[in-house]
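For reference, the structure discussed in these notes is given below.
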Amino acid sequence: MRSKYENLKTIIESGMILIIRSDSSEEAEKVAIAAVDGGVKALEITMSVPDALTIISHLAKKYGGTDVVVGAGTVLDAETASAAMLAGAKLLVSPNLNPKMIEIANRYQAVTVSGAMTPTEILNTINAGSDLVKLFPAELLGSKYIKIIKAPLTQAQMVPTGGVNPGNVKEWFDAGCSAVGVGSYVSKAHKKDGDFGKVTKAAQEFMQAIADARNIEGKR
0 MRSKYENLKT IIESGMILII RSDSSEEAEK VAIAAVDGGV KALEITMSVP
50 DALTIISHLA KKYGGTDVVV GAGTVLDAET ASAAMLAGAK LLVSPNLNPK
100 MIEIANRYQA VTVSGAMTPT EILNTINAGS DLVKLFPAEL LGSKYIKIIK
150 APLTQAQMVP TGGVNPGNVK EWFDAGCSAV GVGSYVSKAH KKDGDFGKVT
200 KAAQEFMQAI ADARNIEGKR
């Protein structure tokens, strides 16, 4: 079994957490598999997806023993955190600070990404023990906000979520973020014609954009 340290290292080195939201459990699972085929290493299945825990369980079994980190998103309380980890989640993501979620995740060594926006929220999130801080909604604040925040809070491991795309991802990494949360650019790439191969292609494009932004040739 991979350690929390190894999973956190994978997330930071790959540079992306893919957020999967869907009204269909079958679609969500197909998107996840297609994205992994394209190089994605961290999956966030939001709890709004029907039968999210079943999907997490399937993916955790499928990718057990690999470096793919399967996680749950929109985890708002300790009960959901427990259920997600029992299903196999090694990553828990929340849009806001919930200390109980972080507490139980740390107890069982799951990586946590907890949402914050203001300097006070960010510091409170760090103090609560979250591994990464989800800057949300990032599109309203812009990449310069991370540079400003990290001047006094250099220790903050920031993950902007919302509005990040291959065209602007370099700005976010240049500003000092540790990874990015990515949604529709990859997870909805199949929507026009149902071709999940387009999800794989979009994932490859995004992973290459991250590698280029970090000047890591060929990094996946």
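When you number the sequence shown by numbering that gives the first Met the number 0, it's gap-free, plus one each residue, and the end is 219.
We put the beta carbon where it would ideally sit given N, CA and C, even for glycine.
Beta-carbon proximity list for residue i, same chain, < 7 Å, skipping 5 on both sides
i    : result
S13  : K40 and A41
F205 : M15, P165, V181, Y184 and V185
Q203 : G37 and G38
A80  : V74, L91, M100, I103 and A104
E5   : none
CB of residue i within 8 Å of CB of residue j, strictly
i    : j    : result
L122 : A178 : no
A137 : T124 : no
K3   : A109 : yes
V30  : I19  : yes
A71  : V92  : yes
L90  : V68  : yes
F135 : A33  : no
I54  : E28  : yes
Under the three-state DSSP convention, the category residue i falls into
i    : result
I148 : helix
G128 : coil
K40  : coil
P94  : coil
R219 : Note that R219 scores a pLDDT of 39, beneath 50, so its modelled location is shaky; the value from the coordinates is reported in the next line. Of the three classes helix, strand and coil, the one that applies to R219 here is coil, per DSSP.
L134 : strand
M116 : coil
L140 : coil
A155 : coil
L58  : helix
M100 : helix
A202 : helix
L7   : helix
A212 : helix
L75  : coil
G63  : coil
R1   : coil
Nearest residue (CA-CA) to residue i, options the options
i    : options                   : result
G64  : L75, Q108, M0 and I148    : M0
A104 : N95, P94, A88 and A27     : A88
I11  : A188, G182, V158 and A201 : V158
Y144 : A174, N167 and V163       : A174
G128 : L139, K149 and M100       : M100
K8   : N126, T111 and E102       : T111
Proximal residues to residue i (C-beta, below 6 Å), its chain only, five neighbours per side dropped
i    : result
C176 : I145, M157 and P159
A188 : K197, V198 and A201
A51  : I44
Y107 : M84
Cutoff 8 Å; reference residue i; Cβ partners in own chain excluding five residues on either side
i    : result
P118 : I148, P151 and L152
Q154 : I125
E170 : S142
L96  : S113, G114, A115, E120, N123, T124, A127 and S129
S56  : A86 and G87
*So does the stretch 195–215 actually touch the stretch 44–54, counting three or more Cβ pairs closer than 8 Å?*
Proximity of the stretch 195–215 to the stretch 44–54 falls short of the contact definition, fewer than three beta-carbon pairs being nearer than 8 Å.
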